[in-house]
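S.K.:
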Amino acid sequence: ELGQPVGELFAEFDEVPIASASIGQVHAARLVTGEVVVVKVQHAGIENTVREDLDVLTGLALLAERVPELATYRPSATVAEMGRVLRRELDFGREERNLQQFNARYKDDPTVHIPQPYTEYCTARVLTMERVDGIKLKERGRLLAEGFDLEEVARRGAKLYLDMIFEQGFYHADPHPGNLVLLPGNCIGLLDFGMVGRLEERLREDIEEMLLAITGRDVSLLTSVIVRMGETPADLDERALAVDVADFLGDYASQPLERLPLGQALSDMTQIIHRYKIKLPPQVAMLLKTLITLEGTGKLLSPSFSLIEFLQPLHRRMLLRRLSPQRQMRKFMRF
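Using the numbering used here, the letters of the sequence shown map in sequence onto residues -5 to 329.
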């Protein structure tokens, strides 16, 4: 794939992979120039396997569309979105570009570390990047033994992701404990940039309003945002939806805001949306999944962690950004 024998490209190359997943496997290596790297190599024939599996899933989805109880979950659209994401993940060149963009954004931030890709050793099927040796977040006992401040790490991680989502509109979309490592100084290393999310400004504002409505227990605002964001059926009973939203918010009303389990709340809200056959844009579904995963990872580090606590300071920043002259000018130009 790289046009030269492995022995000429690398001073060392361990043929036994240190990790393997569905699409590719990762090998430890060292460049002839001395840099310690990992090389992500796509499994032989995986493109054909993915294509065949998606064909099977597409057929099953068409059958599922005929079952009323399953049709609500949009099987065909779900498989189509899954296929789009998988095909993007098969292009390692896209992951390389993601690494470059995140590196450019966070190169001067000592609290986060993004692996550096080595472009001359990258193709659509091979990705060579800096090896980041750290302790994975799922190894909580080891982290405590090494003296890491897990509450501080949880806070840093929350602020990092909320910055990526609401300030950049471009975020690492798979924050499970296996994709995050800790480096000296409580620095967070991010791994695996095959799955990233993008949010255009208008959709980002809708999501901000949705989260503000949940934290503010605002029934009318949350109902209107759900209807505005989603594709609604012609027979939508908006009054019944508002009643269910009120019940949903009421379930959490007795809990102090700083202890509100945002992940569980978002899961419950998603169930209501499905019940009313409202179809959310794929970008929203991906973000909700990311936020739910993020809160679970934060709680793994610190049981008292609450993502909602970090959304509160964003409220004022969101309002100021919406009232800024630059944003008003952009809105004017859209009309």
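Where a beta carbon is used, it is the ideal one built from N, C-alpha and C, also for glycine.
1. Are D212 and F242 closer than 8 Å when you measure CB to CB?
2. By DSSP's criteria, E6 is part of a beta bridge. Which residues make up the other side?
3. Could you give the residue range of the beta strand (DSSP E) that holds K34?
4. What does a CB cutoff of less than 8 Å around D103 pick up in its chain, not counting 5 residues either side in sequence?
5. Assuming G135 is part of the alpha helix (DSSP H), what are its boundary residues?
6. Which residue spans inside the segment 265 to 301 form an unbroken beta strand (DSSP E) run of at least 3?
7. Out of E303, L230, D168 and P69, point me to the one whose CA is closest to E59's CA.
8. Can you tell me whether P62 is buried or exposed? The criterion is at least 16 other CB atoms within 10 Å of its CB, across all chains shown.
9. Less than 7 Å between C-beta atoms, sequence neighbours within five positions excluded: which residues of the same chain meet that for T264?
10. Please tell me whether G183 and G128 are closer than 8 Å, where the distance is taken between their beta carbons.
11. Looking only at its chain, what residues have a beta carbon closer than 6 Å to the beta carbon of E289, apart from the 5 residues adjacent to it on each side?
12. Note down, one range per segment and in chain order, each beta strand (DSSP E) of at least 3 residues found wholly within the segment 181 to 269.
13. I'd like the span of the beta strand (DSSP E) that includes M123, first residue to last.
14. Buried or exposed for L64, please, with buried defined as at least 16 other CB atoms from any protein chain shown within 10 angstroms of its CB.
15. For my contact list, P275 and M223 are in at a C-beta cut-off of 8 Å; report their separation, rounded to the angstrom.
16. Since I220 and I159 are thought to touch, with beta carbons under 8 Å apart, how far apart are those beta carbons, to the nearest angstrom?
17. Where does L57 land, buried or exposed, given buried means 16+ other C-beta within 10 angstroms?
18. Which same chain residues, not among the five before or five after G172, have their C-beta less than 7 Å away from its C-beta?
19. Thinking just about the alpha-carbon of each residue, which of R82, F187, F299 and L154 is nearest to the one in R253?
20. Would you decide whether G292 is buried or exposed? Buried here means 16 or more other CB atoms lie within 10 Å of its CB.
21. Would K34 be called buried (16 or more neighbouring beta carbons within 10 Å of its own) or exposed?
22. Are A236 and T209 closer than 8 Å when you measure CB to CB?
23. Leaving out the 5 sequence neighbours to the left and right, which residues in its chain are closer than 7 Å to A167 when beta-carbon positions are compared?
M.R.: Looking at the atomic coordinates:
1. no
2. R24
3. V30 to Q36
4. none
5. The continuous alpha helix (DSSP H) containing G135 extends over residues R134 to A139.
6. The qualifying runs do not exist here; there are none.
7. Ranking E303, L230, D168 and P69 by Cα distance to E59 puts P69 first.
8. exposed
9. L282
10. yes
11. L256, G257 and L301
12. 181 to 184 and 190 to 192
13. V120 to E124
14. exposed
15. 7 Å
16. That pair is no contact at about 19 Å.
17. exposed
18. By the criterion of a C-beta distance shorter than 7 Å, G172 is surrounded in its chain by K130 and K132, once the five residues flanking it on both sides are discounted.
19. F299
20. buried
21. buried
22. The answer is no: Cβ separation not under 8 Å.
23. M189, V190, G191, M280 and T284
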